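Chemist:
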Amino acid sequence: MTLDTSKMEGLPQLTKEDFVSDQMVKWCPGCGDHAILSSMEKVFPQIGVRKEDFMVVSGIGCSSRFPYYMNTYGFHGIHGRAAAIASGVKLANPNLSVWMITGDGDCTAIGGNHFIHAVRRNIDFNIILFNNKIYGLTKGQFSPTTDKGSKTKTSPQGTFEKPFNPGQLVIGAQGTFYARAVDNNPKLMVEVMLAAQKHDGTSVVEILQNCVIFSNKIHDMVTSRETKHENQIHLKTGEPMIFGKELDKGIILEGTQLKVVKIGENGITKDDLLVHDPTTEDPGIHDMLCNMTAPEFPVAMGVIRAVKQETYDDLMVECIEHEKEHSPMKSVDDMLMGGNTWEI
Amino acid sequence: MANNKKKNDVVELEKVVVRFAGDSGDGMQLTGSLFSDSAAFAGNDFATFPDYPSEIRAPQGTISGVSGFQIHFGHTFIHTSGDFCDVLVAMNPASLKATLKWTKPNATIIIDTDAFNEKGFDKAGYETNPLEDNSLDGYNVIKAPISTMTKAAVADLGLDNKVALKSKNMFALGVVLYLFNRELDKTYEFFEEKFKSNPLVVEANKRVLRAGNHYAENVEAIVQTYEVQPAELEKGTYRNITGNVATAWGLLAAAERAGLELFLGSYPITPATEILQELSKHKQFGCKAFQAEDEIAGICSAIGAAYTGSLAVTTTSGPGLSLKSEAIGLAVMTELPLVIVNVQRGGPSTGLPTKSEQSDLLQALYGRNGEAPVIVLAAKSSVDCFYGAFEAAKLSVEHMTPVIFLTDGSLANGSEVFKIPKVADLASITPPLAEANDPDYLPYHRNEEKLNRQWAIPGTEGLRHRVGGLEKDNPTGNVSHDPINHQVMTQLREEKVNRVADYIPDQNVFGDDEGELLVVSWGGTYGVMLTTVEKLREEGKSVSLAHFRYMMPLPKNTEELLGRYQKIVVCEINNGQFIKYLKMNFPQYQYMQYNKIQGLPFLVSELEDKFNEILNDK
Chain A
2 MTLDTSKMEG LPQLTKEDFV SDQMVKWCPG CGDHAILSSM EKVFPQIGVR
52 KEDFMVVSGI GCSSRFPYYM NTYGFHGIHG RAAAIASGVK LANPNLSVWM
102 ITGDGDCTAI GGNHFIHAVR RNIDFNIILF NNKIYGLTKG QFSPTTDKGS
152 KTKTSPQGTF EKPFNPGQLV IGAQGTFYAR AVDNNPKLMV EVMLAAQKHD
202 GTSVVEILQN CVIFSNKIHD MVTSRETKHE NQIHLKTGEP MIFGKELDKG
252 IILEGTQLKV VKIGENGITK DDLLVHDPTT EDPGIHDMLC NMTAPEFPVA
302 MGVIRAVKQE TYDDLMVECI EHEKEHSPMK SVDDMLMGGN TWEI
Chain B
8 MANNKKKNDV VELEKVVVRF AGDSGDGMQL TGSLFSDSAA FAGNDFATFP
58 DYPSEIRAPQ GTISGVSGFQ IHFGHTFIHT SGDFCDVLVA MNPASLKATL
108 KWTKPNATII IDTDAFNEKG FDKAGYETNP LEDNSLDGYN VIKAPISTMT
158 KAAVADLGLD NKVALKSKNM FALGVVLYLF NRELDKTYEF FEEKFKSNPL
208 VVEANKRVLR AGNHYAENVE AIVQTYEVQP AELEKGTYRN ITGNVATAWG
258 LLAAAERAGL ELFLGSYPIT PATEILQELS KHKQFGCKAF QAEDEIAGIC
308 SAIGAAYTGS LAVTTTSGPG LSLKSEAIGL AVMTELPLVI VNVQRGGPST
358 GLPTKSEQSD LLQALYGRNG EAPVIVLAAK SSVDCFYGAF EAAKLSVEHM
408 TPVIFLTDGS LANGSEVFKI PKVADLASIT PPLAEANDPD YLPYHRNEEK
458 LNRQWAIPGT EGLRHRVGGL EKDNPTGNVS HDPINHQVMT QLREEKVNRV
508 ADYIPDQNVF GDDEGELLVV SWGGTYGVML TTVEKLREEG KSVSLAHFRY
558 MMPLPKNTEE LLGRYQKIVV CEINNGQFIK YLKMNFPQYQ YMQYNKIQGL
608 PFLVSELEDK FNEILNDK
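Protein chains in written order, with the numbering used here: chain A, 2 to 345; chain B, 8 to 625.
This is the structure we're talking about:
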């Protein structure tokens, strides 16, 4: 649902301060959440929505305390149910800009069902998924995104299970928007959050977020200053897939598989590289991009998929408008008196 | 038609019970509802009850595949769908076997003899042919070759056998309409509307209906017909309504009266599904019926909509209420209006999905973590589902608290005659909305009388605030783990619900202000309780009835009222839940109990026996 920004006309430009709450932020020092909060405070004033028309919804977990730290209307829900609550909010008032904050446990374990169905319906709200591959608030158990074999408090010998890849879940659920960012790159976070807001439909933004206490440096290979250039690729619409400190590596499609190549070796030039197109309906390449894992591949960042499709909320509003116009029943009295009745 | 009758022996009856029974695919529900329409147009009061298996098509011809529809109609007021039938239509041996125990000893039984063959007896578990082994002695059995005559009636229409036989239920209806001197015109009109795209089917149904009617006129087994005079109903416009539709309409009426949009977050579950289906039809009123991915998403989406300013509702049955428990606690904590409709069925677990029970009362009252009081109302009849749902919405919105509205499978699927109200005549509903830019707004600042907080809707200027499942500071709404604050808030939430007692009527009693026996019941058993107590009072017995509709809080006069009778008996379709609640609240009284847990309603006869036994026990 395209937001009605007409109410913004004549209103003063909002600033970050409009969204800073008076509550003490109680995340651990050094937690990646602080940077995400700061990015979001930067994003909200740029959207062109009245500050009263923002709604932040969350589930349970460290990340889900987020609504208390944003000066908007907010709802801190129960474990796993944020997507269901956010769906109700958006459908009840499609003019709101709705942001759902969730973690890997909240979203892909207990809330997995609500997550995939929200994505499938394509209700227009934004899901910011903080993925630190661990349960933080319950102090260190493995989550559905924890790498196989990881030792945690509930897997002292290492986990036996394969992890979910949130991007692939989104694609499997026929999602229309998926982007990825890291918590130590505010510019990238702002870029993908703004893109998520612009997209009509359920937008999922996965942020690789660091838990300093229970999974510290879990994303280090991808995010650290020393290794990030070789292990991250920032995808940009219409541009070839290039990465590396010297911008000398790229991605090509060989047969049905992606492959990392070095520009200049074996006659490879920039023209041989895949050009990123997040708008293709066919999710094949997007799925492979989501699945790229370091160190074999660089991990894909930026907007990986952004496909234009009808949203649930638009279709619902259209249907209601149509029925209002065409139904002979204009009031509940008409309904009560309609059909088979008799007089006494 | 009544004028040219050969049979002029017409007997007048006060009230009659007719039951249509056949195989699941025989169209008994439609037959029953068409006969109900004829009772409606004749001005009778009536109540109906469909009784069908949980399987869509259980094995054909077996007892488990029997589908029944009972209607109780009369010149007098009708409160139940009736215990035993005066007229039974049995389309096959299984339906006869399954239903005979609910048939009066001298009843008229109309049988399709074409279905009474070895194969049919075998499937029904009959060892001998019941038409020949004297087991039907005393009944007035009309043996009609219904299938054969149906085929004959449409022989020249060129329908294939299977299609032709589909209308055999209309033959049976034709016979029963004749028995009660009812016109065929209304049923013709129904065919014309229902099958308007297929004139051949209209013609076939008309012919078969007429054939049944003519057969009844000519067959010697029918020696007399019956007349049931109109009931003395108040002047007004009436319709027939089931409990589930009444619930849906009550919610729509409440939304309109409150000036709110209706949002339903729900998930299909027997026997509550029709409420979701009905509300899905009414988008013209802006009603948003969201079929969620599960029960939890149903209620959570409704909670989101409640925060956002809708009249929010979720509908379910027992197992779904269990799944929603945590979220109900969230609505208690966030002090948002939310109507939770629970159409009770037999439990625990999957239990008896298509059978009725009153066994979710304690779950509704207490089935949540922490101290989580909610208002609990219980509808007393199918029509009362309309008023109960309306009142649940009103109390929920005005007191800013979830309300659990209990109905049950019998009320949900049963239907009654409904005198149509005008929405403007219903009580007003005033949402306690916070005013934009109110400098003093605090999320948990409370109204002094009701103790409700205000409703600050997203989008409103100057009221940005957060709510959530964590305990909140009174009155700022900030997260608080302060020990004293938690005690204060817990007590405020409880007191808020208790104070609803100031906004509901006193408990009334049918009968005497004091006396020997007080019968106590609640919810969907009202009709049968009232019928029984009326009957015993006509016999001069000192029996009165207190039938409860407000379960939490109880009406303020409950304690005093219970003390005015020598004996109290609490009757429930469960193993004794309301009695536990009464004993806990008012331990000074002695209670007796009468419980039935068979997935079946009470019978007047068994209640009568029980009450007489209590009265005779000096």
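A virtual CB, placed ideally from N, CA and C, is assigned to each residue, including glycine. Because the structure is a prediction, the values reported are computed rather than measured.
1. Between residue 51 (chain B) and residue 197 (chain B), what straight-line distance do the alpha-carbon atoms span, to the nearest angstrom?
2. Enumerated in chain order, which unbroken segments of the beta strand (DSSP E) with a length of 3 residues or greater are wholly contained in the region 2 to 83 of chain A?
3. Whole-angstrom Cβ separation of residue 90 (chain A) and residue 56 (chain A), contact assumed at under 8 Å?
4. Compare the C-alpha of residue 40 (chain B) against each of B:502, B:177, B:358 and name the closest.
5. Could you tell me which whole beta strand (DSSP E) segments of length 3 or greater appear in the region 212 to 277 of chain A?
6. With distances taken Cα to Cα, identify the nearest neighbour of residue 368 (chain B) among B:360, B:377, B:359, B:386.
7. Does residue 127 (chain A) have its Cβ less than 9 Å from a Cβ in chain B?
8. Counting only Cβ pairs nearer than 7 Å, list the residues of chain A close to residue 390 (chain B).
9. Between the alpha carbons of residue 506 (chain B) and residue 453 (chain B), how many angstroms are there, rounded?
10. Mapping DSSP to helix, strand and coil, what is residue 123 (chain A)?
11. According to DSSP, simplified to helix, strand and coil, what is residue 10 (chain B)?
12. Is it true that the region 415 to 424 of chain B meets the region 341 to 351 of chain B, where meeting means three or more beta-carbon pairs spaced less than 8 Å apart?
13. Measure from the C-beta of residue 375 (chain B) to each C-beta in chain A and report whether the shortest distance is under 9 Å.
14. Check the Cβ of residue 485 (chain B) against every Cβ in chain A and list those closer than 7 Å, keeping chain order.
15. Name the residue from B:174, B:173, B:599, B:186 whose alpha carbon lies nearest to the alpha carbon of residue 95 (chain B).
16. Measuring only between beta-carbons, confirm whether residue 28 (chain A) sits less than 9 Å from chain B.
17. Quick one: give me the first and last residue of the alpha helix (DSSP H) that residue 96 (chain B) is part of.
18. With which residues is residue 128 (chain A) paired in a DSSP beta bridge?
19. What are the start and end residues of each continuous alpha helix (DSSP H) run of 4 or more residues lying completely inside the region 153 to 177 of chain A, in chain order?
20. Which residues in the same chain have their Cβ closer than 7 Å to the Cβ of residue 164 (chain A), if we skip the five residues on either side of it in sequence?
21. Below 9 Å on C-beta distance, what does residue 340 (chain A) contact in chain B?
22. Mapping DSSP to helix, strand and coil, what is residue 494 (chain B)?
23. For residue 191 (chain B), which three-state DSSP category applies?
24. Under 7 Å Cβ to Cβ from residue 346 (chain A), same chain only, skipping five residues before and after it: list those, please.
25. With 9 Å as the threshold, decide whether the Cβ of residue 180 (chain B) is near any Cβ in chain A.
26. According to DSSP, which residues form a beta bridge with residue 270 (chain B)?
27. Go to residue 370 (chain B), then tell me how far its beta strand (DSSP E) extends in each direction, as first and last residue.
28. Can you list, in chain order, the residues of its chain whose CB lies under 8 Å from that of residue 606 (chain B), leaving out five sequence neighbours each side?
29. Less than 8 Å between the CB atoms is what I'm expecting for residue 169 (chain A) and residue 291 (chain A), so what's the real figure, rounded?
30. Report yes if the C-beta distance between residue 176 (chain A) and residue 123 (chain A) is below 9 Å; otherwise report no.
31. Are the beta-carbon atoms belonging to residue 578 (chain B) and residue 596 (chain B) less than 9 Å from one another?
32. Is the Cβ of residue 76 (chain A) closer than 9 Å to any Cβ of chain B?
33. Could you tell me whether the Cβ of residue 61 (chain B) comes closer than 9 Å to any Cβ of chain A?
34. Using a Cβ-Cβ cutoff of 9 Å, what residues of the region 394 to 408 of chain B are near chain A? List them in chain order.
35. Between which residues of its own chain and residue 86 (chain A) is the CB-CB distance below 7 Å, once the five residues before and five after are set aside?
36. When the distance is taken between beta carbons, is residue 70 (chain A) closer than 9 Å to residue 14 (chain A)?
Modeler: Reading it off the structure:
1. Cα to Cα, the separation comes out at about 19 Å.
2. Counting whole runs of 3 or more residues, the region 2 to 83 of chain A contains the beta strand (DSSP E) stretches 55 to 59, 74 to 77.
3. Between residue 56 (chain A) and residue 90 (chain A) the Cβ distance is about 6 Å, and since that is below 8 Å, they are a contact.
4. Out of B:502, B:177, B:358, B:177 has the C-alpha closest to the C-alpha of residue 40 (chain B).
5. Fully enclosed beta strand (DSSP E) runs of 3 or longer: 233 to 236, 250 to 255, 258 to 263.
6. When B:360, B:377, B:359, B:386 are compared, the shortest CA-CA separation from residue 368 (chain B) is found for B:386.
7. No - not a single Cβ of chain B is within 9 Å of the one on residue 127 (chain A).
8. Ordered by position in chain A, no residue passes the 7 Å Cβ test against residue 390 (chain B), which lies about 12 Å from the chain.
9. Our two residues, residue 506 (chain B) and residue 453 (chain B), have alpha carbons roughly 13 Å apart in a direct line.
10. If DSSP states are grouped into helix, strand and coil, residue 123 (chain A) belongs with coil.
11. With a pLDDT of only 42 at residue 10 (chain B), under the threshold of 50, the placement of this residue in the model should not be trusted, and no figure is reported.
12. Contact holds: three or more Cβ-Cβ distances are below 8 Å.
13. Interface annotation, residue 375 (chain B): not in contact with chain A, CB-CB separation never under 9 Å.
14. For a Cβ distance threshold of 7 Å, residue set 24 of chain A lies close to residue 485 (chain B), ordered along the chain.
15. For the residues B:174, B:173, B:599, B:186, the minimum Cα distance to residue 95 (chain B) belongs to B:186.
16. So, not an interface residue.
17. Boundaries around residue 96 (chain B) are those of the beta strand (DSSP E), 92 to 97, since no alpha helix (DSSP H) includes it.
18. DSSP, once it has assigned bridges, lists A:101, A:205 as partnering residue 128 (chain A).
19. Listed in chain order, the complete alpha helix (DSSP H) runs (minimum 4 residues) inside the region 153 to 177 of chain A are 167 to 173.
20. In chain order, 145, 146, 147, 148, 149 place their CB closer than 7 Å to the CB of residue 164 (chain A), counting only its own chain and leaving out the 5 sequence neighbours on each side.
21. Those are 246, listed as they occur along chain B.
22. DSSP places residue 494 (chain B) in helix when its eight states are reduced to three.
23. Here residue 191 (chain B) sits in coil by DSSP.
24. Outside the displayed range of chain A (2 to 345) lies residue 346 (chain A), so it cannot be described from this structure.
25. Contact with chain A is absent for residue 180 (chain B), since none of that chain's Cβ atoms lies less than 9 Å from the residue's Cβ.
26. Bridge partners of residue 270 (chain B): B:295, B:319.
27. No beta strand (DSSP E) contains residue 370 (chain B), which is instead part of the alpha helix (DSSP H) from 368 to 373.
28. Non-local C-beta neighbours of residue 606 (chain B) in its own chain, meaning closer than 8 Å and more than five positions away in sequence, comprise 353, 359, 362, 363, 364, ordered along the chain.
29. By a beta-carbon distance limit of 8 Å, residue 169 (chain A) contacts residue 291 (chain A). Their separation comes to about 5 Å.
30. Cβ distance < 9 Å, so residue 176 (chain A) and residue 123 (chain A) count as in contact.
31. Going by C-beta atoms, residue 578 (chain B) is not nearer than 9 Å to residue 596 (chain B).
32. Interface residue (Cβ-Cβ distance to chain B less than 9 Å): residue 76 (chain A) is classified as such.
33. No, residue 61 (chain B) does not count as interfacial toward chain A.
34. For the region 394 to 408 of chain B, which is checked against every Cβ of chain A, not one residue is closer than 9 Å.
35. Correct list, in chain order: 58, 76, 78.
36. Residue 14 (chain A) places its beta carbon 9 Å or farther from that of residue 70 (chain A).
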